[in-house]
Amino acid sequence: MRILVIHNQLWAHYKSILFEEIHRELRSKYPDSEFLVAQIALYESTRASMVAQGSEPDFAYPYRVLFERSLDTVTLSERIQGLFRVFHSFRPDVLNITGYYDWAQVLLLFYAKTRGLKVVISSESSMADRTRSTAKEFLKKMIFKCTDAFFCFGQSTVSYLRALGVPESKIAVRRGAVVDNDRVQARFENANQRSKKTESGNRNFIYVGRLAPEKNVKMLLEAYQDCIQSDKSPNWGLIVVGDGPLLEVFREYAVRNGLSQVQFTGGIPWAEVPDYLAQASVLVLPSLSEPWGLVVNEALVCGMPVIVSEKCGCAEDLVSPNQNGFVFDPTDKVGLVRALQYYRDNPGAIERHGTSSKKIIAPFSPGNVAREMVQQYRVLVQ
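Counting in UniProt numbering, the sequence shown runs without a single skipped number right up to 382 at its last residue.
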């Protein structure tokens, strides 16, 4: 059994643990199998600040980087040539591509089918994450007819595939959105011991992500301002973790509006995210468009409540209203203010909701997902 996975970028921390678990499972169950992840590039330029500077990859799975530069600089022609080269040199039995927005991968999918191979698509799309067109949806249906199995991030992806006519029998993995739970939890607990956070002292809301228009951070700042202004003794801060084109705009907004308790960290390596989660009590993800939102996984692993936009793919799977957090309409600032105020006014709910978060995230483990994927690879080649 020879499995070739196509992936966009090497420095995707959340995927590395999954690839390692797949490799481990294959070696354990099917020692004669071969596994290779073809990484198209090193990273995306918009996320370069989240790559640990000067660090060398230590990923414990077989991979090959096709272009050792930013994904944004690799042309379609280069991607096509690179993917077909690795395809012919590796000679897989199963091809697993990442999504269907890259024409190079779609062409490889069609080519693989002409060679009699089984094809898997790993998808994180949902009905809510992007504006869609009839023509594009028709094209996706054509692609899906050529696909033998789907690995889905969560229920939002499953529902979307169903709407496009994908039969249940082809949906092999339904909880594929995973992070390195053990590493995240260990780093969080270590940082938590050093944190200044106390039961009676100041608390923080936290946002982690890019500072771009679709992330809706401006509304979060406005909602936070309304929240603390309505409280006679504000003791809640807001930590904004991330970089992007709107960083300076938001810094100026905070200064102009006297939001001295808002802290902007700038871009940080992904590995350090738990360090900042340890300084906060509640994660907020207010995106207008978000295929999933893996930082929510990390927050749940750390036992934190979450306030998540309904446009985030993870909302249906990972947020149980008033059990471990709240889901809100990202165009409704009042709804977000209400959720922020709930935790401000009910500090006892933080620990209770955090306990629920750990229970909800438990099925989303790399080991579980890897076993499901390997089982499906095996079924396809039999």
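Built from N, CA and C at the ideal position, the CB exists for glycine as well.
What you are looking at is a predicted structure, and each value in this text was computed from that prediction instead of being measured.
DSSP lists Arg203 as the bridge partner or partners of Trp236.
Secondary-structure assignment with DSSP links Ala315 through no beta bridge to anything. For secondary structure counted as the alpha helix (DSSP H) over 4 or more consecutive residues, the segment 109 to 167 holds these complete runs in sequence order: 134 to 145 and 155 to 163. With a cutoff of 8 Å on beta-carbon distance, Gly313 and Ser89 are scored as not near each other. In this structure Val217 touches Tyr207 by the C-beta definition: roughly 6 Å separates them, less than 8 Å. About 18 Å separates the beta carbon of Ala212 from that of Ile239, a gap too long to meet the 8 Å contact definition.
Across the structure, Lys29 and Asn346 are spaced so that their CA atoms are roughly 49 Å apart.
Here Pro286 really is in contact with Ser309; their C-beta atoms are around 5 Å apart, less than 8 Å.
Listed in chain order, the alpha helix (DSSP H) elements of length 4 or more contained wholly in the UniProt domain "Glycosyl transferase family 1" (193 to 348) are 217 to 229, 247 to 256, 273 to 277, 294 to 301, 315 to 318 and 333 to 345.
Here Glu124 is not near Tyr61, since their CB atoms are 8 Å or more apart. Around the beta carbon of Met304, 16 or more other beta carbons sit within 10 angstroms, so the residue counts as buried. If you look at Glu78, you'll find it in the alpha helix (DSSP H) that goes Leu76 to Phe90. In this structure, the alpha-carbon of Leu277 lies about 28 Å from that of His7. Secondary structure of Ser169 (DSSP, three-state): helix. Taking the C-beta atoms as reference points, Ser77 is found no nearer than 8 Å to Ala41. Restricting attention to alpha helix (DSSP H) runs no shorter than 4 residues, the segment 1 to 52 encloses them at 13 to 29, ordered along the chain. When C-alpha distances from Gly209 are compared across Pro245, Asn181 and Lys113, the shortest belongs to Pro245. DSSP, read as helix, strand or coil, puts Val374 in helix. In this structure, Cys146 sits away from Ile171, with a CB-CB distance that is not shorter than 8 Å. Across the structure, Leu66 and Asp93 are spaced so that their CA atoms are roughly 20 Å apart. Closest by C-alpha distance to Leu288, out of Phe84, Asp329 and Ser16, is Asp329. Cβ contact annotation for Val178 (same chain, cutoff 6 Å, sequence separation greater than five): Leu18, Phe364, Pro366 and Val369, in chain order.
Ser70 sits in a strand when the DSSP states are folded into three classes. According to the DSSP assignment, Val179 belongs to no beta strand (DSSP E), since it is labelled neither H nor E. Taken through DSSP and simplified to helix, strand or coil, Arg174 comes out as coil. The beta carbon of Arg174 sits closer than 6 Å to the beta carbons of Cys152 and Val158 from its chain, once the five residues preceding and following it are set aside; these are given in chain order. Listed as beta-bridge partners of Thr98 by DSSP are Ser122. By the neighbour-count definition (other C-beta atoms within 10 Å, threshold 16), Gly176 is a buried residue. Spanning the alpha carbons of Gly242 and Ser45 requires a straight line of approximately 14 Å. Taken atom to atom, the span from the alpha-carbon of Gly116 to that of His13 is near 33 Å. Residue nearest to Ser33 within the set Ile3, Arg352 and Pro274 is Ile3 (criterion: CA-CA distance). Ranked by Cα distance from Asn297, the options Ala254, Gly354, Gln341 and Leu336 are led by Gly354.
Ranked by how close their Cα comes to the Cα of Ala349, the residues Gln376, Val166 and Val306 have Val306 in first place.
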